[in-house]
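Residue numbers (the numbering used here), protein chains in the order written: chain H, 36 to 289; chain L, 142 to 402. Glycine is no exception: its CB is placed at the ideal position from the N, C-alpha and C atoms. Quantities reported herein were computed from a predicted structural model and do not represent experimental measurements.
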């Protein structure tokens with residue numbers, strides 16, 4: 036029985052009077068890749084920031100296990116060109132060991148760029164450098180916010196399978212945020228479909244057959260389209276035709 | 142060589158030593174306008190110090206620090222963009238300082254020396270203060286160097302990796318306020334930012350690590366102080382502006398050097 040690395044209970048968060056997250060409960064396990072999907076404004080980034088401890092939830096609790104060590108890959112990074120810093124040094128900010136940094140760069144396939152200024156890396160190389168920084172501290176939990184942003188489709192496939200391999204070889208839990216359902220399905224164990232509340236969750240096969248998932252993302256996963264099956268109240272709460280809060284089939288909260 | 146020239150040189154070198162590395166952070170973090178705002182508010186510090194009868198050395202550091210903390214608060218409330226906030230605070234602080242000084246009936250304050258520095262009137266007591274503050278700043282920078290670089294690269298990454306981001310940011314503001322307080326004597330409130338960013342920008346051309354850039358910026362700042370004082374001595378020009386002119390000259394020359402990556 037694996038112990039949860041981090042457990043969320045009944046998390047709620049509002050910005051001003053606008054609720055962004057409602058009653059989110061989940062647990063993230065070692066050795067398991069969890070993918071968070073949902074339309075824009077679903078609260079994915081907010082939830083990630085709460086899990087990282089960068090944001091305090093208004094309600095509910097975040098319970099990290101004692102051994103939790105997070106490696107984080109932010110969505111994008113913008114380093115001023117006036118800062119002279121090599122890719123290797125960029126990694127050393129997280130782990131001062133020179134050999135650990137070189138090993139991490141080799142692992143993500145950009146060992147040859149160790150001495151290059153980090154600002155000169157291309158989009159795909161930068162994503163790999165960020166991934167290397169996330170793993171260089173030997174974390175047991177990786178949080179990857181849209182890890183394939185700005186990478187072409189072939190590169191996306193390569194990155195996703197690299198993440199799956201890393202998760203296995205490091206034996207760590209992974210939480211990934213993604214827009215792209217089609218590519219991510221093959222490299223994930225558990226999918227959480229978020230739209231302010233958890234619409235449905237399960238393994239990819241279960242989720243794709245879940246009515247709540249189909250209602251949001253449609254039958255075909257190749258093209259991403261968010262279709263509202265419901266209306267939102269003025270407070271952002273999900274309403275059905277009669278104006279009551281409704282749940283998808285996989286929805287576990289009450 | 143006369144005493145006042147020696148004092149001026151030592152004072153200038155002491156300030157230049159810390160202006161280099163701090164200037165690097167101002168450049169890396171794009172804080173030039175922020176530095177300007179704090180420098181302008183140092184003038185407000187002078188007038189408040191005179192008005193309340195507090196030692197001016199304390200208020201010229203305390204008022205910029207208070208303004209900096211106020212800025213953080215206002216920025217977090219998200220009413221206006223940081224750029225606009227800085228514009229408002231910078232010039233209101235400068236104007237309020239000038240108005241208050243003009244209202245003080247009994248005190249004759251030399252406005253020019255506040256605005257552009259008065260390096261040649263440095264006393265032995267000023268020297269003690271400058272070197273005391275400068276060594277505190279050097280120790281703080283050495284102690285916080287790694288987290289400072291880390292939050293400069295990416296604050297959220299640093300935070301997840303265990304850096305107390307708000308504490309380090311506050312420390313950087315404190316350091317900035319301290320350097321402004323001692324740099325005011327050298328180049329005056331209007332030229333402090335120049336003393337911070339010109340040597341750093343010049344050093345960038347020939348540096349390939351953050352540490353190299355900090356040390357080279359420090360050396361360049363010290364060189365500009367020597368050059369500026371010499372210029373002031375031989376051509377009878379105001380010392381503060383002469384130092385900045387020499388800094389700008391070195392920067393222009395550095396453009397001929399191919400930038401190291």
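Here the C-alpha atom of residue 223(L) lies approximately 12 Å from the C-alpha atom of residue 209(L). Take residue 129(H), set aside five residues on each side of it, and the residues of its chain with a beta-carbon closer than 6 Å to its own are 168, 171, 172, in chain order. If you draw a straight line from the Cα of residue 293(L) to the Cα of residue 170(L), it comes to about 6 Å. Residue 183(L) is positioned such that its CB atom lies closer than 8 Å to that of residue 330(L). Taking a C-beta distance under 8 Å as the contact criterion, residue 280(L) and residue 309(L) do not qualify as a contact pair.
8 Å or more divides the Cβ of residue 167(L) from the Cβ of residue 339(L). Within the stretch 64 to 98 of chain H, contact with chain L at the beta-carbon level (separation under 9 Å) is assigned to 84, 87, 88, 89. Residue 211(H) is a Cβ neighbour of residue 182(H), given a cutoff of 8 Å. Following the DSSP letters along the chain, one finds residue 341(L) inside the alpha helix (DSSP H) bounded by residues 333 to 345. Within chain H, 128 have C-beta atoms less than 7 Å from the C-beta of residue 290(L), given in sequence order. When the five nearest sequence neighbours on each side are left out, the beta carbons in the same chain lying within less than 8 Å of the beta carbon of residue 175(H) are those of 40, 65, 102, 103, 104, 205, 206, 207, 208, in order along the chain. Under the 8 Å Cβ criterion, the stretch 241 to 257 of chain L does not count as touching the stretch 307 to 321 of chain L, having fewer than three qualifying pairs. For residue 99(H), the enclosing beta strand (DSSP E) has its first and last residue at 94 to 99. What residue 109(H) touches in chain L, judged by beta-carbon distance under 8 Å, is 295, 297, 298, going in chain order.
Close to residue 349(L), with beta-carbon spacing below 7 Å, are these residues of chain H in chain order: 119. For residue 252(H), there are no C-beta contacts with chain L under 9 Å, since the nearest C-beta of that chain is about 29 Å from it.
When Cβ-Cβ separations below 8 Å define contact, residue 125(H) makes contact with chain L.
Of the other Cβ atoms in all chains shown, fewer than 16 fall within 10 Å of the Cβ of residue 116(H); this residue is therefore exposed. If only complete runs of 3 or more residues are kept, the stretch 39 to 87 of chain H shows the beta strand (DSSP E) at 39 to 50, 53 to 64, 68 to 72, in order along the chain.
In this structure, the alpha-carbon of residue 351(L) lies about 12 Å from that of residue 342(L). About 6 Å separates the Cβ atoms of residue 153(L) and residue 370(L), confirming a contact at the 8 Å cut-off.
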